[in-house]
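S.K.: Structure below; questions to follow.
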Amino acid sequence: QPDLGTLGNMRPRNIEGPGTWQLDMALSRIFRFRESQNLEFRTELFNVTNSFIRMNPTTTLNSNTFGQINSSADARILQFALKYAF
């Protein structure tokens, strides 16, 4: 333990969170009505596999939860869009 009020010999930013990966996907389709009119349908999926993604641990030294992971990233998100161009 370092003396009270000192930083010790620990280098800055040496606490690392868990490694993560996420699979995102987007699909789109364009429908043509006339030469100058288009309708585009688009679907975007984030975290397709709905994996549990841990966030970084708490790094506040005065916190009771220092070094603990208390949060996670968003679950699967779907987003739809429809665009009409003329």
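The numbering used here runs 15 ahead of the 1-based position in the sequence shown. Beta carbons are placed, not taken as given, at the ideal position from N, Cα and C, and that holds for glycine. As the structure is a prediction and not an experimental result, all values here were calculated from the model.
(1) Could you check how far apart the C-beta atoms of V102 and L38 are, in whole angstroms? I think they sit under 8 Å.
(2) Where does R57 sit, in a helix, a strand or coil, going by DSSP?
(3) Using the C-alpha atoms, what's the distance from E50 back to P33?
(4) Among E59, N65, T35, which one has its Cα closest to the Cα of A90?
(5) Measuring straight from C-alpha to C-alpha, what distance separates Q52 and Q83?
M.R.: Taking the coordinates as given:
(1) As displayed, the chain neither begins before 16 nor continues past 101, which places residue 102 out of reach and without an answer.
(2) DSSP places R57 in strand when its eight states are reduced to three.
(3) 52 Å
(4) Of the candidates E59, N65, T35, the one whose C-alpha sits nearest the C-alpha of A90 is N65.
(5) 54 Å
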